[in-house]
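J.:
2 protein chains.
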Amino acid sequence: MAREIDRRAARTRKALHQALMTLMLRKGYEALSVQDIVDEADIGRSTFYAHYTGKEDLLRSGFQMLREELKEAQSAVRAAAGTSHDDPLGFSTAMFEHAARYADHYRTMIGARDGAVAENEIRLILSEMVRREMPRTLHGDRMPRDFVVQFIVGAFLTTLNWWFERKPGLLPSEVDVMFRSLVLDGLSPLVDDRHR
Amino acid sequence: MAREIDRRAARTRKALHQALMTLMLRKGYEALSVQDIVDEADIGRSTFYAHYTGKEDLLRSGFQMLREELKEAQSAVRAAAGTSHDDPLGFSTAMFEHAARYADHYRTMIGARDGAVAENEIRLILSEMVRREMPRTLHGDRMPRDFVVQFIVGAFLTTLNWWFERKPGLLPSEVDVMFRSLVLDGLSPLVDDRHR
DNA sequence: TATGATAATGGACACTATGTTCGGAATTTT
DNA sequence: AAAATTCCGAACATAGTGTCCATTATCATA
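Chains as they are written, first to last, in the numbering used here: chain F, 125 to 320; chain H, 125 to 320.
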């Protein structure tokens, strides 16, 4: 069978991915140059371009691989254990634990707020706005106000994005109703069997 | 009184902000160079650097101004009309309408997904995961599944971020409880007087 | 293990952008 | 009108990009 990838190519790719991870943890993604990466990986620059078009391509291909691995893993689990019946948040517990274990990695990937300058600023503005309007009466301290504010702002931006990208035809009022419904009452009204 | 800014400086700044907006709408933020901006604004390059350290600084200062304007505006409204009593989402209706009117602007600001490559990929992975686990029984078609998925993923990432940035001491299980509570039941349990 | 195929190397090159400096010109302030 | 400030534009040093190519190293396989 000759349809395997040349070992050299495989090694090169692995070295590059490895170097990318190392450097991202150290300096963050934005700050990296292709130069940095090939230096860290100890790979020729022209070789890099023989495999990827740039650092973004490299990063994407890494996630691509991860995605396929996860897909298989999940299928396996799904086949073995019984599907957690009707829990739309079944993933959360495991994911939070995973995130805790690999906190550094998650931070660099998600907290990579370098790129989206505009979105960050908008988040700030909206946060101020929401914080100001939020009733003092937040029922004890079950939930940190801070957290609630972020939740609301995040949901708002998600809604805005979905609206623009998927259903630009909807009216503002229609979108507003959906937003408020989801944020105020959550998912439970949408799920059949009441829990608890 | 000598504490006004030189007119020339003011003009320069205005021209630069104007040029930035124009170009962002045309090509997006990431694709812009300082060169592009000063060309569009018809301003000398060295002059640019006399005012800002780079395009990010320029963008930030724009938002800075906007933020202060909004703050005043909101204070004014707040003083005049009665505060909308205890509605933690009081801002939403007006904001959605505003967004509809200036859709192009919002798109370029928020949809600027060029920057956060990693976060985008993570969103994709999580979306697949959530979509797969979401019960078929989504109670009619009151809410597009699509939208619900994005909502869940967004809330998850928000939670993760808040956890890491603000309360890294919490246990995964504790965070999970908060996440599930907010996403499943929404804000209403937190607000005193029941609505409807 | 010889050999043809494939990949890696490293240096050269053209290009684009960055950020700084400075003298002279233009405009504003007083 | 003089003094102060800002703008201009060109020059410069630096850094990174992406491509090309001749040479060398490694691999697949018969």
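Positions of the beta carbon are idealized from the N, C-alpha and C atoms, including for glycine.
Remember, it's a predicted structure, so these values are computed and weren't measured experimentally.
Closer than 8 Å by beta-carbon distance: list the chain F residues that pair up with F160(H), in chain order.
T.: Within the second sequence, numbered from 1, the residue matching residue 160(H) stands at position 36. Note that residue 160(H) is Asp in the sequence shown here, rather than Phe. Near D160(H) there are no residues of chain F at all, since even the closest Cβ is about 16 Å away, more than 8 Å.
J.: Thinking C-alpha only, which one of D270(F), A218(F), R135(F), K179(F) is nearest S251(F)?
T.: Position 127 of the first sequence, counted from the start, is the residue given in the question as residue 251(F). Of the candidates D270(F), A218(F), R135(F), K179(F), the one whose C-alpha sits nearest the C-alpha of S251(F) is D270(F).
J.: Quick check on this structure: which residue in R255(H), S157(H), W286(H) has the alpha carbon closest to the alpha carbon of D300(H)?
T.: Position 176 of the second sequence, counted from the first residue, corresponds to residue 300(H). Ranking the options by Cα distance to D300(H), first place goes to W286(H).
J.: Can you tell me which of G235(F), E245(F), R260(F) puts its alpha carbon nearest to the alpha carbon of D210(H)?
T.: Position 86 of the second sequence, counted from the first residue, corresponds to residue 210(H). That would be R260(F), whose Cα lies nearest to the Cα of D210(H).
J.: Beta-carbon separation of L156(F) and K179(F) under 7 Å?
T.: Mapped onto the first sequence, residue 156(F) falls at position 32. Mapped onto the first sequence, residue 179(F) falls at position 55. The answer is yes: Cβ separation under 7 Å.
J.: Got a sec: is the Cβ-Cβ distance from F271(H) to anything in chain F below 7 Å?
T.: For the purposes of this step, residue 271(H) is taken as residue 147 along the second sequence, with counting starting at 1. Yes, contact with chain F.
J.: When you compare the CB positions of D239(F) and G239(H), do they come within less than 7 Å of one another, or not?
T.: Counted from its first residue, the first sequence places residue 239(F) at position 115. Counted from its first residue, the second sequence places residue 239(H) at position 115. Here residue 239(F) is Gly; the residue named in the question, Asp, does not match the sequence. Cβ distance < 7 Å, so G239(F) and G239(H) count as in contact.
J.: Verify the CB distance criterion: does I129(F) have a CB-CB separation below 7 Å to chain H?
T.: By one-based count along the first sequence, residue 129(F) stands at place 5. No, I129(F) does not count as interfacial toward chain H.
J.: Out of A174(F), I246(F), M253(F), state which residue places its alpha-carbon closest to the alpha-carbon of R137(F).
T.: By one-based count along the first sequence, residue 137(F) stands at place 13. Taking only the C-alpha atoms, the option nearest R137(F) is A174(F).
J.: Can you tell me where the alpha helix (DSSP H) holding S157(F) begins and where it ends?
T.: Along the first sequence, one-based indexing puts residue 157(F) at 33. Unbroken run through S157(F): none, as it is neither H nor E.
J.: To which residues of the same chain is V277(H) closer than 8 Å at the C-beta, ignoring the five residues directly before and after it?
T.: The count along the second sequence starts at 1 and reaches residue 277(H) at position 153. So the list reads R247, L250, S251, V254, once near-sequence residues are dropped.
J.: Can you give the Cα-Cα distance for D228(F) and N244(F), rounded to whole angstroms?
T.: In the first sequence, counting from the first residue as 1, residue 228(F) sits at position 104. In the first sequence, counting from the first residue as 1, residue 244(F) sits at position 120. Going by the C-alpha atoms only, they are around 21 Å apart.
J.: At 7 Å on the CB atoms, spell out the chain F contacts of M258(H), in chain order.
T.: The sequence position of residue 258(H) within the second sequence is 134, counting from 1. Near M258(H) (Cβ distances below 7 Å), the residues of chain F are P212.
J.: Anything in the segment 138–168 of chain F with a Cβ closer than 7 Å to a Cβ of chain H? List those residues in chain order, please.
T.: If the cut-off is 7 Å between Cβ atoms, the segment 138–168 of chain F has Y153 near chain H.
J.: Starting from D270(H) and walking both ways along the alpha helix (DSSP H), at which residues does that stretch end?
T.: Here residue 270(H) refers to the residue found at position 146 when the second sequence is read from its first residue. That run of the alpha helix (DSSP H) goes 269–290.
J.: Any beta-carbon of chain F closer than 7 Å to the one on L182(H)?
T.: Taking the second sequence and counting its residues from 1, the one referred to as residue 182(H) is at position 58. Answer no: the Cβ-Cβ gap between L182(H) and chain F never drops below 7 Å.
J.: Could you spell out the range, first to last residue, of the alpha helix (DSSP H) harbouring A240(H)?
T.: Walking along the second sequence from the start, residue 240(H) turns up at place 116. First-last for A240(H): undefined, no H or E at that position.
J.: Grab the span of the alpha helix (DSSP H) containing P296(H) for me, first residue to last.
T.: By 1-based counting over the second sequence, the position of residue 296(H) is 172. Counting along the chain, the alpha helix (DSSP H) containing P296(H) begins and ends at 296–309.
J.: Could you spell out where the alpha helix (DSSP H) holding R202(F) opens and where it closes?
T.: Taking the first sequence and counting its residues from 1, one reaches residue 202(F) at position 78. R202(F) -> alpha helix (DSSP H) spans 179–204.
J.: Any beta-carbon of chain F closer than 7 Å to the one on W251(H)?
T.: Within the second sequence, numbered from 1, the residue matching residue 251(H) stands at position 127. Here residue 251(H) turns out to be Ser, not Trp, going by the sequence shown. No - not a single Cβ of chain F is within 7 Å of the one on S251(H).
J.: Would DSSP call L250(H) helix, strand or coil?
T.: Here residue 250(H) corresponds to residue number 126 of the second sequence, with the count starting at 1. L250(H): helix per DSSP, three-state reduction.
J.: Answer with buried or exposed for R127(H), where buried requires no fewer than 16 other C-beta atoms within 10 angstroms of its C-beta.
T.: In the second sequence, counting from the first residue as 1, residue 127(H) sits at position 3. Its pLDDT being 49, under 50, R127(H) is placed unreliably in this model, and the value from its coordinates should be taken loosely. When all chains shown are included, R127(H) counts as exposed.
J.: So which of F172(H), K151(H), L306(H) has the shortest CA-CA distance to Q159(H)?
T.: Translated into the one-based positions of the second sequence, residue 159(H) becomes position 35. Checked all of F172(H), K151(H), L306(H); the closest Cα to Q159(H) is F172(H).
J.: Using 8 Å as the cut-off, can you tell me whether the segment 145–154 of chain H makes contact with the segment 189–197 of chain H, which would need three or more C-beta pairs spanning the two stretches below that distance?
T.: As far as the Cβ criterion goes, the segment 145–154 of chain H does not touch the segment 189–197 of chain H, which means the pair count is below three.
J.: Leaving out five residues before and five after P313(F) in sequence, what residues of the same chain have Cβ atoms less than 8 Å from its Cβ?
T.: By 1-based counting over the first sequence, the position of residue 313(F) is 189. Hits under 8 Å: S305.
J.: For Y230(H), which option in Y153(H), A133(H), M267(H) has the closest C-alpha, if you only look at C-alpha atoms?
T.: Locating residue 230(H) in the second sequence gives position 106, counting from the first residue. For the residues Y153(H), A133(H), M267(H), the minimum Cα distance to Y230(H) belongs to Y153(H).
J.: When the Cα atoms are used, what is the spatial distance from L182(H) to L144(H)?
T.: Locating residue 182(H) in the second sequence gives position 58, where the first residue counts as 1. Locating residue 144(H) in the second sequence gives position 20, where the first residue counts as 1. So the alpha carbons of these two residues sit roughly 8 Å apart.
J.: Kindly indicate if chain F contains any beta-carbon less than 7 Å away from that of S216(H).
T.: By 1-based counting over the second sequence, the position of residue 216(H) is 92. Yes, its Cβ sits closer than 7 Å to a Cβ of chain F.
J.: Taking C-beta to C-beta, are S224(F) and P296(H) nearer than 7 Å?
T.: Working through the first sequence from its first residue, we reach residue 224(F) at position 100. Working through the second sequence from its first residue, we reach residue 296(H) at position 172. The sequence given here has Ala at residue 224(F), not Ser. Their beta carbons are under 7 Å apart, which means A224(F) touches P296(H) by this criterion.
J.: Thinking just about the alpha-carbon of each residue, which of R202(H), P292(H), V307(H) is nearest to the one in Q274(H)?
T.: As a first step, residue 274(H) is located in the second sequence; it is residue number 150 there, counting from the start. Among R202(H), P292(H), V307(H), the Cα nearest to that of Q274(H) is on V307(H).
J.: Helix, strand or coil: which one does DSSP assign to Y230(H)?
T.: Here residue 230(H) refers to the residue found at position 106 when the second sequence is read from its first residue. It is helical.
J.: Using the beta-carbon of each residue, which ones in chain H are nearer than 9 Å to S312(F)?
T.: For the purposes of this step, residue 312(F) is taken as residue 188 along the first sequence, with counting starting at 1. Residues of chain H passing the Cβ test: L308, D309, G310.
J.: What residue does the alpha helix (DSSP H) around S170(F) start on, and which one ends it?
T.: Indexing the first sequence from 1 puts residue 170(F) at position 46. Element bounds for S170(F): 169–175.
J.: Nearest to R290(F) by CA position, among A279(H), F303(H), V272(H), T282(H), is which residue?
T.: Along the first sequence, read from residue 1 onward, the residue named residue 290(F) stands at position 166. Among A279(H), F303(H), V272(H), T282(H), the Cα nearest to that of R290(F) is on V272(H).
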